[in-house]
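Under the numbering used here, think of the first position of the sequence shown as 7, with each following residue one higher.
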Amino acid sequence: MSSSIEADSAVEAVITMSRVFDAPRELVWEAFTQPRHVSQWWGGPGFTNPVCEMDLRPGGRWRHVMRTPDGQEFKFDFVFVEVVKPERLVWQNADHGKNIPGGPPTCQNIVTLEDQGQQTRWRLVARFNSLAERDLAVKMGFTGMIGVSNDRLAAYLPTM
7 MSSSIEADSA VEAVITMSRV FDAPRELVWE AFTQPRHVSQ WWGGPGFTNP
57 VCEMDLRPGG RWRHVMRTPD GQEFKFDFVF VEVVKPERLV WQNADHGKNI
107 PGGPPTCQNI VTLEDQGQQT RWRLVARFNS LAERDLAVKM GFTGMIGVSN
157 DRLAAYLPTM
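Here is the structure:
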């Protein structure tokens, strides 16, 4: 299972991550778009997701509550911009780019799934409002959290 991270462009306020999952594209799509599955793997080790509601259509909302092992909760409210089953999913913060004080910078997330037979290449492009916001997201652990979530997803896929 190969993976890569790029977050150091001097001109583009983006983070690009990719990973190959040992599962067909349709299964990875289902894991990313069905709340009952997302709630099983989203977040870091020991995290739970007591709320995961998705209206999977352009303009639809994704409301999500992620709880840390010590009980701290993070609430997310996203809006889907583009949904192309089973290959592309685009979402952004529902507040259209306004940062929550003390929270991570907002971004638009573009996920593509490339069919590779019994494997799927997942690619994320996260577009931030500025290089400074992108760099702050990296400093706050954006890439690490996505990487850990993907590890959890890789472990979860065979159970689906």
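Here a beta-carbon is modelled for each residue, glycine too, at the ideal position from N, C-alpha and C. These figures come from a predicted structure and were not determined experimentally.
Identity of the residues DSSP links to residue i by a beta bridge
| i | result |
| --- | --- |
| Ile152 | Looking at the DSSP assignment, Ile152 forms no beta bridge with any residue, so it has no partner. |
| Val170 | Shown here, the chain extends from 7 to 166; a query on residue 170 therefore has no answer. |
| Val163 | Checking the displayed sequence, the identity of residue 163 turns out to be Leu instead of Val. In DSSP, Leu163 forms no bridge with anything. |
| Met23 | Ile11 and Leu130 |
| Val57 | Val71 |
| Glu93 | None, per the DSSP bridge assignment. |
| Glu79 | Arg73 |
As assigned by DSSP and simplified to three states, the class of residue i
| i | result |
| --- | --- |
| Arg63 | coil |
| Thr118 | strand |
| Glu36 | helix |
| Gln125 | strand |
Own chain, CB closer than 7 Å to residue i, minus 5 neighbours either side, in chain order
| i | result |
| --- | --- |
| Val89 | Leu62, Arg63, Pro64 and Leu95 |
| Ile11 | Met23 and Thr149 |
| Thr118 | Glu93, Arg94 and Arg129 |
Residue j beta carbon less than 9 Å from that of residue i
| i | j | result |
| --- | --- | --- |
| Leu137 | Pro110 | no |
| Thr39 | Met60 | yes |
| Gly153 | Ser9 | yes |
Own chain residues within Cβ distance below 8 Å of residue i, not counting five before or after
| i | result |
| --- | --- |
| Pro41 | Cys58, Glu59 and Met60 |
Neighbourhood of residue i by C-beta, 6 Å cutoff - its chain only, sequence neighbours within 5 removed
| i | result |
| --- | --- |
| Phe82 | His70 |
| Cys113 | Ala132, Arg133 and Phe134 |
Proximity test, residue i beta-carbon vs the ligand HEM heavy atom, cut-off 8 Å
| i | result |
| --- | --- |
| Thr126 | In the structure on display, the ligand HEM does not appear, and there are no ligands present to speak of. |
| Three or more beta-carbon pairs under 8 Å between the segment 125-141 and the segment 44-54, yes or no? | no
| message | I'd like to know if the segment 75-83 and the segment 9-22 are in contact, where contact means that at least 3 CB-CB pairs between them fall below 8 Å. | response | no
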